[in-house]
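The listed protein sequences correspond, in order, to chains A and B. Going by the working numbering, the first residue of the first sequence is number 1, and it counts up by one from there. Going by the working numbering, the first residue of the second sequence is number 1001, and it counts up by one from there. Even glycine gets a Cβ: it sits at the ideal position worked out from N, Cα and C. Keep in mind that this is a model prediction, so the values were computed, not measured.
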Amino acid sequence: MNPELLPFNYLELAFIAVYMLSLVAVGWWAYRARRDSTLKDFYLAGNGIGFIALLLTLYATQYSGNTLFGFSGRAYHIGYSWAMSIHFMTAIVVFYLAFAPKLHAYARRHSFITPTDYLDHRFQSPAINLLATLLMVVAISNYLLAQLMAMGRALEGLTDKVDPAQAYTWGVVSLALIIVIYETLGGFRAVVWTDVMQGSVLLVGFVILLVMVFLQFGSLESATKKLWAEELAAKDEAQSAKQARQSDLPVQKPGFFKKPGFSGADSELKQLAAESAGAKPAYKIKESRVGPPSSERSREWFSYILAVGIGGALYPQAIQRIYAARSATTLRRSLAVMAFLPLTTTLVALIVGIVGAANFPGLEGAQSDKILTVICHQIQATTLGRWLVVVLFSGILAAIMSTADSVLLSISSMLSKDIYGRFLAPHANERQITKLGKRCSWVIISIVAPLAIYFGLREDTSLVKLLDRKFDLLLQLAPAFIIGIHWRRMRAGPVFAGMAAGLVVALPIAFLTERGKLYGIHPGLYGLAVNLLISCGGSLLPEGAARECVKEPVTESETP
Amino acid sequence: MHLGWKNWAVFVILTLIGAPWYWGLLWPHDRSLLFGMPTWAATAILASFVVSCYTAWLLRTPWDSERDSSEGEP
């Protein structure tokens, strides 16, 4: 049987179906719980989100299909260097410290709904409002696309009775439909309540995954030693072949034990390496999965910490959760717990990728995103294993759907309030804008779902590649949010020019370079450097010199 | 809550320790394991744990908006 398939029987499929339908029921419950037809109630649940709900919605939104499929696939591909994922997910919480306290206070005082509301309040510039809104919509539409693709990939292996391509298509369509139904019914309240369910299932799913992986495949130490031994054997064999070519002699079996630098006392590793030396690895080893990172990988490590740390903190859906927190205390406590969650989540994805690489070599490109499915396939061998996989699979779906619903709601709020309400119909009332927002959700899904099917069936778009692009865009918002909230001299003109210039620099690098990065650095960071230079440098110039004509809107009492 | 340069300096130092750019230079033939993973990877993860602890420690202090207004937990 194909190890990339994870066939569920009818009872197990029924369990998943009941779980999915329960999400729609929660949407209906949230619809009944609505207080009024205002934007604040629909998009922020009336600013009444408490500690547990806020923590779980932040968690479920931050950790997504990328974390489970993309991160485990990336760890499979590059090995322990993907420990950088733990750092960059922690960095998101660190960068919240730079602006969340003030942003939450302003949001409460001025009833912000969308991230653009803050920008409008701070800079009063229609140009910034439009550019920032479009930038955020494009960036997180990319994210939504990645989530829908992850949904398809999650479901395509669930049955061996249906063609995987067909299962992928049905997976994208059915789950997208469920999301859009409960989201348009209950708005932010439905999203948060489902996030509470999904976040809980996700936490349980990660614990189950870790236990199952160790029970089925042995310790992390054995996986590490196996990978190390394979790499050393492959390297030794390559050296022997090179020597044989040079001396025109027959290839000798690798003299592994004589290798300098490996004369240590680890006899078990030597034994494993000797065993590996006889058989050629089924794949070509491009870089060490267990050795310390190369200089380029180290640059990439720092780049990820900055790009994901800053970009992730500026997710529009995360900013809306800052607004929605019941109080500053609630937000502060939630963030304090969030700081530790990468160790329970991305670390597990790293371990899964490493164990997968040791036990199932040979997956390349987008195929490596399926390592989790391959591992689950092995665990399904026993009845207990089968049901544990069902619970884990529910956690996987929870991770994907909770992120997708938050992103969808955020896009619909920005399109309806910031584009329609601000530019196209400034006199529209809240009820009209809310109604349009609901319609927007359906339109967005009907555009993004076919794209997800198209890209997913081509199988050449890795989830992590999609993840990288959105940060290149979101990074350009950093001066306006992180510096602008503290520095009263920052002005609209330079901020707009910096944002535009940052995009002009970042996008060509992103799309024209071979790996989407230049010297291992995210294009968005090059753009951010130019952006900072213009927005801060321009704001330091005398107002006349900068030809600044936008008045400072923030009052003295609101500035540091 | 306002983070000063000293707080950010701590984050920078922890990041420089956590990203093992120096490991290959200092110990090129190191193949030791810690907690079942290469020592450099375990060091990186431990550094990340310290960042989490420091962040949570900073977040123990009430923000200005909590002191200034009457808002708080119900």
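So, is the C-beta of residue i closer than 8 Å to a C-beta in chain A?
i, result
"Trp-1005/B", "no"
"Ile-1013/B", "no"
"Ala-1041/B", "yes"
"Ala-1056/B", "yes"
Name the two residues that bound the continuous alpha helix (DSSP H) containing residue i.
i, result
"Gly-27/A", "10-32"
"Asp-117/A", "115-123"
"Arg-35/A", "Looking at the DSSP string, Arg-35/A is not in any alpha helix (DSSP H), and its letter there is neither H nor E."
"Met-149/A", "126-156"
"Tyr-43/A", "39-44"
"Gln-378/A", "371-379"
"Phe-1011/B", "1005-1018"
"Arg-109/A", "84-110"
"Gly-1024/B", "1023-1026"
What residues are listed by DSSP as bridge partners for residue i?
i, result
"Leu-518/A", "Ile-521/A"
"Met-1037/B", "Leu-1034/B"
"Ala-325/A", "Ile-49/A"
Can you check whether the CB of residue j is closer than 8 Å to the CB of residue i?
i, j, result
"Gly-437/A", "Ser-412/A", "yes"
"Trp-193/A", "Ala-30/A", "yes"
"Gly-365/A", "Tyr-182/A", "no"
"Arg-333/A", "Phe-95/A", "no"
"Asn-66/A", "Ala-146/A", "yes"
"Tyr-526/A", "Ala-506/A", "yes"
"Tyr-168/A", "Gly-186/A", "no"
"Ile-433/A", "Ser-410/A", "no"
"Val-390/A", "Glu-156/A", "no"
"Ala-17/A", "Leu-202/A", "no"
"Ala-510/A", "Arg-469/A", "yes"
"Tyr-76/A", "Gly-353/A", "yes"
"Pro-1028/B", "Tyr-80/A", "no"
"Phe-1035/B", "Ala-1042/B", "yes"
"Leu-408/A", "Ile-447/A", "no"
"Leu-475/A", "Gly-524/A", "yes"
"Thr-345/A", "Tyr-63/A", "yes"
"Leu-148/A", "Ala-449/A", "yes"
"Gly-356/A", "Ile-371/A", "yes"
"Val-492/A", "Leu-131/A", "Going by the sequence as given, residue 492/A is Ala instead of Val. The answer is no: Cβ separation not under 8 Å."
I want to verify the contact list: residues of chain B whose CB lies under 7 Å from the CB of residue i, in sequence order.
i, result
"Trp-228/A", "Arg-1031"
"His-104/A", "Ser-1065"
"Tyr-561/A", "Residue 561/A falls outside the range modelled here, since chain A spans only 1 to 560, and no answer is possible."
"Glu-221/A", "Leu-1033 and Gly-1036"
"Ala-328/A", "Trp-1063, Ser-1065, Glu-1066 and Glu-1071"
"Leu-335/A", "Leu-1059"
"Thr-224/A", "Leu-1033, Gly-1036, Met-1037 and Pro-1038"
Can you confirm whether residue i, when its beta carbon is compared against all beta carbons of chain B, has any partner nearer than 8 Å?
i, result
"His-87/A", "yes"
"Leu-532/A", "no"
"Trp-301/A", "yes"
"Ser-298/A", "yes"
"Val-352/A", "no"
"Pro-293/A", "yes"
"Val-308/A", "no"
"Thr-116/A", "no"
"Phe-340/A", "yes"
"Leu-55/A", "no"
"Leu-314/A", "no"
"Ala-98/A", "yes"
"Thr-67/A", "no"
"Pro-101/A", "yes"
"Thr-38/A", "no"
"Thr-90/A", "yes"
"Leu-13/A", "no"
Which residues of chain A have a Cβ atom closer than 8 Å to the Cβ of residue i, listed in chain order?
i, result
"Ile-1045/B", "Ala-83, Ile-86, Leu-343 and Leu-347"
"Val-1077/B", "Since the first residue shown for chain B is 1001 and the last is 1074, residue 1077/B is missing from the structure and cannot be characterised."
Would you mind telling me which residues of chain B sit closer than 9 Å to residue i, beta carbon to beta carbon, in chain order?
i, result
"Ile-305/A", "Thr-1015, Gly-1018 and Ala-1019"
"Arg-332/A", "Met-1001, Leu-1059, Arg-1060, Thr-1061, Pro-1062, Trp-1063 and Glu-1066"
"Val-209/A", "Reading the sequence as shown, one finds Leu at residue 209/A and not Val. Within 9 Å Cβ-Cβ: nothing; Leu-209/A doesn't reach chain B, min ~17 Å."
"Val-290/A", "Arg-1031, Met-1037, Pro-1038 and Ala-1041"
"Thr-434/A", "By Cβ distance, chain B contributes nothing, its closest Cβ being about 26 Å from Thr-434/A, past 9 Å."
Residues of chain B with CB under 8 Å from residue i, in chain order?
i, result
"Val-94/A", "Phe-1011, Val-1051 and Thr-1055"
"Phe-71/A", "Per Cβ cutoff of 8 Å: no residues; Phe-71/A is ~14 Å from chain B at best."
Using a Cβ-Cβ distance under 8 Å, would residue i count as near chain D?
i, result
"Ser-413/A", "Among the chains of the structure shown, chain D does not appear; the protein chains present are A and B."
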